[in-house]
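**Student:** Shown below is the structure under consideration.
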């Protein structure tokens with residue numbers, strides 16, 4: 008049987024970045040857990056990471072990413088690239104099945120086991136089983152509402168949870184302030 012788990016979404020708007028995820032973990036046709044938390048704060052809350060995919064693999068990658076952050080403090084993109092290189096080349100890490108969304112005050116990044124480190128041009132990232140639905144909802148809400156970044160993440164995840172059978176509405180949403188552009 009195949010595990011299905013989680014939708015993760017990140018939005019930048021109005022001097023804030025928000026990241027959130029749902030809590031559902033599904034095995035085959037059964038919901039195994041409804042309140043999993045796959046959003047974690049790192050570096051004393053300066054960086055927030057969400058993961059979709061295997062929980063054990065996601066936690067293993069979080070540990071590795073946190074180590075890379077300690078090696079490259081105040082340089083999230085460099086830490087992400089170093090993790091992506093390791094993830095792609097290490098025999099054991101290559102087998103890990105998860106995707107990470109990483110945000111700090113200045114950067115939003117998506118990391119995959121293929122070596123991808125992607126920064127969106129519009130400040131919106133999504134992954135997981137309902138990621139496409141959440142991404143579409145977030146883009147519409149940014150264009151046609153006055154909601155904050157956190158509110159957009161929450162509403163978009165609720166929309167995804169109403170469509171995707173592997174996403175529920177038990178949400179975790181975290182926010183960080185962003186510096187204003189000079």
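Numbering (this note's numbering), first residue to last: 8 to 189.
The beta-carbon is built from N, C-alpha and C at its ideal position, and this holds for glycine as well.
(1) Going by the beta-carbon positions, is the gap between residue 23 and residue 184 smaller than 8 Å?
(2) According to the neighbour-count rule (16 or more other Cβ atoms, all chains shown, within 10 Å of its Cβ), is residue 173 buried or exposed?
(3) Below 8 Å, how does it come out for the segment 131–143 and the segment 14–23: are there three or more Cβ pairs, yes or no?
(4) Quick one: what's got a C-beta closer than 6 Å to residue 86's C-beta in the same chain, skipping five residues either side?
(5) Please name the residue in 107, 120, 115 and 108 whose C-alpha comes closest to that of residue 99.
(6) Following the continuous alpha helix (DSSP H) through residue 89, name the residue where it begins and the one where it ends.
(7) Taking C-alpha atoms, which residue in 106, 141 and 137 lies nearest to residue 125?
(8) When burial is assigned at 16 or more other CB atoms within 10 Å of the CB, is residue 91 buried or exposed?
(9) Tell me whether the beta-carbon of residue 56 lies closer than 8 Å to the beta-carbon of residue 108.
(10) To the nearest angstrom, report how far apart residue 160 and residue 149 are at their CA atoms.
(11) Judging by CA-CA distance, which residue of 36, 152, 136 and 26 is the nearest neighbour of residue 170?
(12) Please check the pair residue 68 and residue 103, which I expect to be a contact at CB under 8 Å, by giving their CB distance rounded to whole angstroms.
(13) CB residue 153 to CB residue 29, shorter than 8 Å?
(14) Identify whether residue 104 lies in helix, strand or coil by the three-state DSSP scheme.
(15) Just the Cα atoms here: how many angstroms apart are residue 181 and residue 97?
(16) Which first and last residues belong to the beta strand (DSSP E) in which residue 22 is found?
(17) Do you know how far the Cα of residue 51 is from the Cα of residue 8?
(18) Could you pull the start and end residues of the alpha helix (DSSP H) that residue 164 belongs to?
(19) Please classify residue 111 as buried or exposed, where buried requires at least 16 neighbouring CB atoms within 10 angstroms.
**Tutor:** With the structure as the only source:
(1) What you label residue 23 is simply residue 16 of the chain shown in a count that begins at 1. What you label residue 184 is simply residue 177 of the chain shown in a count that begins at 1. Yes; because the gap between Cβ atoms is below 8 Å, this pair is in contact.
(2) The sequence position of residue 173 within the chain shown is 166, counting from 1. When all chains shown are included, residue 173 counts as buried.
(3) Cβ pair count under 8 Å is three or more, so yes.
(4) Locating residue 86 in the chain shown gives position 79, counting from the first residue. Excluding sequence neighbours, residue 86 sits near 75, 76 and 79.
(5) Within the chain shown, the letter at position 92 stands for residue 99. Nearest option by C-alpha distance: 120.
(6) Position 82 of the chain shown, counted from the first residue, corresponds to residue 89. Residue 89 -> alpha helix (DSSP H) spans 83–96.
(7) If you number the chain shown from 1, residue 125 lands on position 118. Of the candidates 106, 141 and 137, the one whose C-alpha sits nearest the C-alpha of residue 125 is 106.
(8) Taking the chain shown and counting its residues from 1, one reaches residue 91 at position 84. Classification of residue 91: buried, given that the 10 Å Cβ count is 16 or more.
(9) For the purposes of this step, residue 56 is taken as residue 49 along the chain shown, with counting starting at 1. For the purposes of this step, residue 108 is taken as residue 101 along the chain shown, with counting starting at 1. Against a cut-off of 8 Å, the Cβ pair of residue 108 and residue 56 comes out as a contact.
(10) On the chain shown, residue 160 is found 153 positions in, with the first residue counted as 1. On the chain shown, residue 149 is found 142 positions in, with the first residue counted as 1. Those two C-alpha atoms are separated by around 10 Å.
(11) For the purposes of this step, residue 170 is taken as residue 163 along the chain shown, with counting starting at 1. Minimum Cα distance to residue 170 is reached at 136.
(12) Along the chain shown, one-based indexing puts residue 68 at 61. Along the chain shown, one-based indexing puts residue 103 at 96. So it is a contact: roughly 6 Å between Cβ atoms.
(13) In the chain shown, residue 153 corresponds to position 146, counting from 1. In the chain shown, residue 29 corresponds to position 22, counting from 1. No; because the gap between Cβ atoms is not below 8 Å, this pair is not in contact.
(14) In the chain shown, residue 104 corresponds to position 97, counting from 1. Three-state DSSP puts residue 104 in coil, outside helix and strand.
(15) As a first step, residue 181 must be located in the chain shown, where it is residue number 174. As a first step, residue 97 must be located in the chain shown, where it is residue number 90. Looking at the two C-alpha atoms, the distance is approximately 31 Å.
(16) In the chain shown, counting from the first residue as 1, residue 22 sits at position 15. That residue, residue 22, is in no beta strand (DSSP E); it is neither H nor E in DSSP.
(17) Residue mapping note: residue 8 aligns to position 1 of the chain shown, counting from 1. Residue mapping note: residue 51 aligns to position 44 of the chain shown, counting from 1. Caution applies to residue 8, whose pLDDT of 44 falls short of 50 and renders its modelled position unreliable; the model cannot decide the point.
(18) Sequence index remark: in the chain shown, residue 164 carries index 157 (1-based). Run containing residue 164: 156–170, per the alpha helix (DSSP H) assignment.
(19) Locating residue 111 in the chain shown gives position 104, where the first residue counts as 1. Result: buried.
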